[in-house]
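Comments concern the structure below.
Protein chains: 2
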Amino acid sequence: MTAQFDVLGIGNAIVDVIARAEDDFLVAQNLVKGSMQLIDEDRAQALFAAMGPMTHTSGGSAANTIAGLASLGAKPAFIGKVKNDDAGKRFAHDIRSQSIVFPTQPAEEGPATAMCLIAVTPDGERTMNTYLGASQHLTSADIDRATVEASSIVYLEGYLWDPPAAKEAFVKASRIAHGAGRQVALTLSDSFCVGRFREEFLGLLRTQTVDIVFANEAELKSLYETSDFDAAVTALREEGVLGVITRSEKGAQVITREETIAIPAYPVDEVVDCTGAGDLFASGFLFGLAKDLDLRAAAHHGALAASHIIQHIGARPQKNLRQHAIDNGLAVEAE
Amino acid sequence: MTAQFDVLGIGNAIVDVIARAEDDFLVAQNLVKGSMQLIDEDRAQALFAAMGPMTHTSGGSAANTIAGLASLGAKPAFIGKVKNDDAGKRFAHDIRSQSIVFPTQPAEEGPATAMCLIAVTPDGERTMNTYLGASQHLTSADIDRATVEASSIVYLEGYLWDPPAAKEAFVKASRIAHGAGRQVALTLSDSFCVGRFREEFLGLLRTQTVDIVFANEAELKSLYETSDFDAAVTALREEGVLGVITRSEKGAQVITREETIAIPAYPVDEVVDCTGAGDLFASGFLFGLAKDLDLRAAAHHGALAASHIIQHIGARPQKNLRQHAIDNGLAVEAE
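For the record, the sequence lines run as chains A and B. The working numbering numbers the first residue of the first sequence as 3 and each following residue consecutively. The working numbering numbers the first residue of the second sequence as 3 and each following residue consecutively.
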């Protein structure tokens with residue numbers, strides 16, 4: 003069956019609140035640079051008060067990936083839970099204004115729309131503090147069978163393992179997708195997230211619940227509890243899934259059972275804010291798969307989209323990525 | 003008396019909502035590219051719904067200038083009216099988190115905090131649509147005598163002429179400042195704004211209500227109702243005020259009774275969003291005056307700050323401008 007959607011993203015629906023911070027701020031606030039940690043509402047308020055001038059944009063890992071796919075000209079959809087409050091309306095506006103199908107009903111009561119307080123240090127690294135709020139109330143009931151069945155690839159974020167009910171939604175989505183002959187992709191999200199759910203994530207690979215896995219170097223090493231990157235790659239290769247490993251300025255590797263395809267990072271003048279680098283790499287790579295490009299070309303799309311996102315504050319594209327890809331000599335359809 | 007504050011800004015306290023848009027969107031929405039127009043709440047809602055994915059930051063012309071001054075290391079203060087709502091709290095947070103003194107009490111009732119819906123076209127030009135909301139309720143009572151008297155320069159935006167009660171506040175601030183031996187600066191804000199209040203603005207210059215005037219080329223031409231830039235400069239010179247004229251990529255001119263000092267624009271890779279270019283030029287120039295730099299050096303600070311702000315979405319600095327000035331070889335204190 004022809005798919006109506008190229009990719010369906012399922013993830014935490016989050017608004018980002020981003021401020022520049024010095025390294026001293028991370029120390030004073032007891033934050034682990036480059037990580038994502040979960041915080042409660044009181045902590046969110048205290049941290050908000052302590053942070054500097056802020057930029058507010060829509061965020062959420064899978065949602066960022068879907069926004070990137072829309073900007074590249076793909077047809078994506080998104081499932082995630084906001085509350086019907088100001089932040090939730092802004093999130094929904096941003097998604098729908100890119101013509102992304104977003105069937106999830108907002109919560110009318112309960113906690114506020116999820117918020118991620120992001121401190122960006124002068125090196126461009128981002129340190130994230132997530133108040134999950136309404137996104138915790140994503141349940142199996144929000145997994146719309148028709149939308150899942152109509153999507154070539156279902157893309158799930160590992161962060162979904164944090165809100166307990168979402169895990170069940172995740173597994174339901176995977177089952178529907180495979181029943182309809184679709185592919186399922188997972189991003190490991192964060193090395194600490196992998197630490198929390200290592201056995202379950204490995205189980206997802208080994209039970210063929212997911213077909214494609216995205217990870218950065220730290221997440222991959224955490225998954226296999228090794229400091230040896232090559233050993234982790236070998237272990238991943240043996241899982242028999244398609245692996246996509248991002249390595250910041252070292253580029254990326256696509257891992258199949260037969261081969262490793264290494265591609266370089268695009269050069270950038272200045273890394274302003276690396277929030278969303280992995281998310282947008284996934285946008286480009288999934289775009290390539292959706293458009294039947296080869297794996298190397300798909301990875302180049304990922305690298306280009308990532309290089310765009312790290313040159314400004316925020317994890318949503320600030321230019322038309324399809325035009326940007328064409329301007330950089332990338333094919334946007336299979337020849 | 004030594005001044006406690008280098009510059010006190012008085013202006014509309016506004017949150018910016020910024021989206022990329024194609025030129026066709028401006029045509030469809032009947033917007034005049036590069037201008038600021040006032041809109042009511044219904045129009046704001048309709049335009050919000052029609053716009054693309056958004057970035058939300060604090061804005062407001064004089065407030066942007068003050069934020070730039072704080073980033074440069076000056077001691078500024080700000081007076082402007084928000085409501086005690088989410089947007090107003092965000093605005094106040096952003097101001098105060100830069101250690102800017104902000105004595106104005108928020109409104110507890112009445113219209114929402116002011117919002118500017120900004121469409122940024124691919125050429126980097128910004129087209130602004132302002133819902134004045136709570137900022138209309140700035141009155142003479144909000145002009146805190148002690149803060150005005152303690153400020154070397156009081157900086158007022160022409161946009162204050164739009165909300166009727168603010169005009170009176172403006173004149174009161176000027177009177178207090180001059181009574182304390184301080185200087186008063188005015189930005190003409192927008193060529194259409196000049197069109198609305200031309201005679202009053204000329205009156206401010208000719209009654210010595212203001213000592214320093216900032217304008218871009220279009221505003222200056224509108225002030226003197228001429229298409230001849232040189233004629234407008236000559237007319238301004240005869241007013242006997244210090245004139246600062248910004249000319250986008252052509253740089254800027256400082257106009258005194260005796261001379262014209264022309265300085266070039268700093269080169270930029272890409273103009274992403276010119277929102278705040280004039281505001282940040284004023285930051286740099288006022289910083290120079292506050293630090294007793296000569297007029298040429300002050301203008302270079304203005305040009306550098308403007309070149310920073312136009313390379314990202316939004317009108318607030320995204321790096322420490324004092325360090326940025328040092329990195330670019332500018333003196334930050336008089337020798």
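The beta carbon of each residue, even a glycine, is placed where N, CA and C say it ideally should be.
By the C-beta criterion, the segment 208-225 of chain B is judged to be in contact with the segment 179-199 of chain B, since at least 3 inter-stretch pairs fall below 8 Å. Taking the C-beta atoms as reference points, Ala136 of chain B is found nearer than 8 Å to Lys85 of chain B. Shown in chain order are the members of the segment 44-74 of chain A whose Cβ falls below 8 Å from a Cβ of chain B: Phe50, Ala51, Met53, Gly54, Pro55, Met56, Thr57, His58, Thr59, Ser60 and Ala69. For the segment 310-331 of chain B, residues whose beta-carbon sits nearer than 7 Å to a beta-carbon of chain A comprise His314, Ile315, Gly316, Arg318 and Gln320. Sequence-distant Cβ neighbours of Leu225 of chain A in its own chain, meaning closer than 6 Å and more than five residues away, are Val196. For Val274 of chain A, at least one C-beta of chain B is nearer than 8 Å to its own C-beta. Here Pro78 of chain A is bridged, per DSSP, to A:Val9. Within chain B, the residues whose beta carbon sits less than 9 Å from that of Asp271 of chain A are Asp271, listed in sequence order.
Rounded to the nearest whole angstrom, the CA to CA distance from Trp163 of chain B to Pro113 of chain B is 19 Å. Burial check for Ser229 of chain A: the Cβ neighbour count within 10 Å stays below 16, so the residue is exposed.
In this structure, the straight-line span from the alpha carbon of Leu33 of chain B to that of Asp25 of chain B is close to 10 Å.
When C-beta atoms of the segment 149-157 of chain B are compared with those of the segment 39-59 of chain B, fewer than three pairs fall below 8 Å, so the two segments do not count as touching. In this structure, the beta-carbon distance from Gly62 of chain B to Asn131 of chain B does not fall below 8 Å.
Taking Ala300 of chain A as reference, the option from A:Asp87, A:Ser285, A:Phe80 and A:Gln313 with the minimal CA-CA separation is A:Ser285.
For the set B:Asp146, B:Ile97, B:Asp44 and B:Ser142, the Cα lying nearest the Cα of Leu134 of chain B is the one of B:Asp44. If you draw a 10 Å sphere on the C-beta of Arg92 of chain B, you find 16 or more other C-beta atoms in it, and that means buried. Listed along chain B, the residues sitting closer than 9 Å to Gln100 of chain A by beta-carbon distance are Gly54 and Pro55. Judged by DSSP secondary structure, Cys276 of chain B falls outside any alpha helix (DSSP H); it is assigned neither H nor E.
Annotated as proximal: Leu140 of chain B and Pro165 of chain B, with beta-carbon spacing under 8 Å. Under a 10 Å Cβ-count criterion, Glu221 of chain B is classified as buried, with 16 or more other Cβ atoms of the shown protein chains found around its own Cβ. Note that the segment 65-75 of chain A does not touch the segment 102-112 of chain B; fewer than 3 beta-carbon pairs, one per stretch, sit closer than 8 Å. Boundaries around Thr149 of chain A are those of the alpha helix (DSSP H), Arg147 to Glu151, since no beta strand (DSSP E) includes it.
A direct Cα-Cα distance of roughly 11 Å separates Ile12 of chain A from Lys174 of chain A.
Taking 3 residues as the shortest admissible run, the segment 151-180 of chain B contains the following complete beta strand (DSSP E) segments, listed from N- to C-terminal end: 153-159. The DSSP assignment places complete beta strand (DSSP E) segments of no fewer than 3 residues inside the segment 35-86 of chain B at 38-40, 56-60 and 78-81, in order along the chain.
Ranked by Cα distance from Ala217 of chain A, the options A:Ala121, A:Phe283 and A:Tyr268 are led by A:Phe283. The closest CA to that of Ser191 of chain B, considering only B:Gly278, B:Ser309, B:His95 and B:Ala89, is found on B:Gly278.
The continuous beta strand (DSSP E) containing Arg128 of chain B extends over residues Arg128 to Tyr133. Gly331 of chain B counts as exposed, since fewer than 16 other beta carbons sit within 10 angstroms of its beta carbon. Sequence-distant Cβ neighbours of Gly290 of chain B in its own chain, meaning closer than 6 Å and more than five residues away, are Ala299, Ala300 and His303. The Cβ-Cβ distance between Ala116 of chain A and Leu10 of chain A does not fall below 8 Å. Of all residues in the segment 22-38 of chain B, only Arg22 place a beta-carbon less than 8 Å from a beta-carbon of chain A.
Just so you know, the alpha carbons of Ala21 of chain B and Thr129 of chain A end up roughly 26 Å apart. Sequence-ordered contacts of the segment 77-90 of chain A with chain B read Asp88 [C-beta pairs closer than 8 Å]. Interface annotation, Arg249 of chain B: not in contact with chain A, CB-CB separation never under 8 Å.
Every beta strand (DSSP E) of 3 residues or more that sits fully in the segment 209-254 of chain A is shown, in chain order, as 214-218 and 244-248.
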